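To start, the structure itself, in structure tokens.
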Amino acid sequence: MTLETLTLETLNRSPHRRLNPLTGEWVLVSPERAERPWRGQVERSASAKPVAYDPNCYLCPGNERARGVRNPNYSTTFVFTNDFSALTPQVADARLDYCERGLLVAEREGGTCRVVCFSPRHDLTLAQMSVEEITAVVDLLAAESGQLGSLPDVNYVQIFENRGEMMGCSNPHPHGQIWANHTIPNEPRKEQDLQLAYTQKHKSCLLCDYLELEGTAKERIVCENAHFTALVPFWAVWPFEVLLASKNHARDLLSLDQLARSDLADILKRLTTRYDNLFEISFPYSMGFHQAPTGGETHEEWHFHAHFYPPLLRSATVRKFMVGYEMLAAPQRDITAEWAARTLRQVSETHYSLRR
Ligand code: H2U
Ligand code: ZN
Numbered sequence: 074m075t076l077e078t079l080t081l082e083t084l085n086r087s088p089h090r091r092l093n094p095l096t097g098e099w100v101l102v103s104p105e106r107a108e109r110p111w112r113g114q115v116e117r118s119a120s121a122k123p124v125a126y127d128p129n130c131y132l133c134p135g136n137e138r139a140r141g142v143r144n145p146n147y148s149t150t151f152v153f154t155n156d157f158s159a160l161t162p163q164v165a166d167a168r169l170d171y172c173e174r175g176l177l178v179a180e181r182e183g184g185t186c187r188v189v190c191f192s193p194r195h196d197l198t199l200a201q202m203s204v205e206e207i208t209a210v211v212d213l214l215a216a217e218s219g220q221l222g223s224l225p226d227v228n229y230v231q232i233f234e235n236r237g238e239m240m241g242c243s244n245p246h247p248h249g250q251i252w253a254n255h256t257i258p259n260e261p262r263k264e265q266d267l268q269l270a271y272t273q274k275h276k277s278c279l280l281c282d283y284l285e286l287e288g289t290a291k292e293r294i295v296c297e298n299a300h301f302t303a304l305v306p307f308w309a310v311w312p313f314e315v316l317l318a319s320k321n322h323a324r325d326l327l328s329l330d331q332l333a334r335s336d337l338a339d340i341l342k343r344l345t346t347r348y349d350n351l352f353e354i355s356f357p358y359s360m361g362f363h364q365a366p367t368g369g370e371t372h373e374e375w376h377f378h379a380h381f382y383p384p385l386l387r388s389a390t391v392r393k394f395m396v397g398y399e400m401l402a403a404p405q406r407d408i409t410a411e412w413a414a415r416t417l418r419q420v421s422e423t424h425y426s427l428r429r
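Residue numbers (the numbering used here): 74 to 429.
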């Protein structure tokens, strides 16, 4: 087969695969399939009007949780150790390699899990909170990262939010989770290795260089402010996937100054508002921050960022399933990253609930 040159301009005319330089994985992009009619219809799913306080919610102020502990009457944010933690503090390392052939291998894993309530209000989401209120959440997440990261058995602090029943979220009360691990989990591990390799090879930072390219191209940027850029990455897998990256080379939440933290709150509000406005629903997603590992090294190669992975594709009810080819071979998408970015750019930053 002859080798032709692909250009960015002609990329969207035929199926191709794109590389995620943070993980080393490829995504198959089939742009012509997206020419199937886009109806962009609004199908609001029927949901009960949320209440500001739910006496049966285990996260609302003053309520009792599943194991009998009562929440304080908090008025801003509230964090507690998960009553059903997936990780528990580690006593000592332990490893199994049965028959020493690397076939039955296990290691003891230690750590701790926390639950973070973003607001005392049961009916709010990040999109509906003020920038000041979200800044208080960012401050709390930074403090928790610092505190958990300094524990002797913790080397990675993963913060995430599951929004919406579609993502398996058990409670609409605005909250996130923090899992602090002894080992670096798979996704940040891949990013750690590839950011380090890039820095060693190019003597610069992978995401600093990537943001520079995107800042010139502009076509994948959704919104930005002085400290953060939200864009649909070139290698996006999920239809409206977004990479939120610090414009400065910061390694984690704790190293962000107050202006950067308030800009992070600003971009979180603006991005989640755009998401909600896309189909005029409370948009489901899984999001999480990727920070440098906490084991004591400086990790100059790390560039602080967040990933948003929303499952919705064409409407409030049509979701993308990662099945078949995706489970067995590689992720695939029809709508291009450029199209998704354009669509997200076109929606308003005023929440639809305020426009009715
Ligand atoms: P979701 O973010 O997936 O909804 O999970 C909420 C977490 O809250 C979940 O990990 C914890 C669950 O273990 N939880 C408590 O810690 N206490 C409770 O009383 C109920 C739920
Ligand atoms: Zn609640």
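Every residue gets a Cβ at the ideal spot worked out from N, C-alpha and C, and that includes glycine.
Just so we're clear, the structure is a prediction, and the values are computed from it rather than from any experiment.
The nearest non-hydrogen atom of the ligand H2U is 8 angstroms or more from the C-beta of residue 143. Taking the C-beta atoms as reference points, residue 359 is found no nearer than 9 angstroms to residue 228. For residue 231, there is no enclosing alpha helix (DSSP H); the enclosing beta strand (DSSP E) has its first and last residue at 229-236. In this structure residue 370 is exposed. Its beta-carbon is surrounded by fewer than 16 other beta-carbon atoms within 10 angstroms. Remark: the C-beta of residue 157 is in contact range of the ligand H2U, defined as less than 8 angstroms to any heavy atom.
With 16 or more neighbouring CB atoms inside 10 Å of its own CB, residue 409 falls in the buried class.
For residue 92, the secondary structure class from DSSP, reduced to helix, strand or coil, is strand.
A distance criterion of 8 angstroms places the beta-carbon of residue 398 beyond contact range of the ligand ZN, judged by its closest non-hydrogen atom. With respect to residue 376, residue 278 sits close: the two C-beta atoms are nearer than 9 angstroms. Rounded to the nearest angstrom, the gap between the Cα atoms of residue 422 and residue 203 is 13 angstroms. Near the ligand ZN, residues with a Cβ at less than 6 angstroms from any of the ligand's heavy atoms are 127, 130, 132, 133, 195 and 246; the list follows chain order. Taking a 10 Å sphere around the C-beta of residue 245, we find 16 or more other C-beta atoms and assign the residue as buried. Closest by C-alpha distance to residue 98, out of 382, 318, 419 and 308, is 308. Only residues of its own chain outside the window of five on either side were considered, and among them 292, 293, 294, 295, 304 and 305 have a CB closer than 7 angstroms to the CB of residue 414, listed in chain order. Annotated as distal: residue 214 and residue 184, with beta-carbon spacing of 9 angstroms or more.
Setting aside the 5 residues that flank it on each side, residue 221 is surrounded in the same chain by 227, 230 and 253, each with a C-beta closer than 6 angstroms to its C-beta; the list follows chain order. According to DSSP, residue 184 shares a beta bridge with 254. DSSP places residue 411 inside the alpha helix (DSSP H), whose first and last residues are 410-419. A distance below 8 angstroms between beta-carbons, with the five flanking residues on each side excluded, links residue 209 to the following residues of its chain, in chain order: 149 and 150.
Check the Cα spacing between residue 367 and each of 402, 326 and 341: the tightest is with 326. Residue burial annotation: residue 314 is buried, with at least 16 other C-beta atoms found within 10 angstroms of its C-beta.
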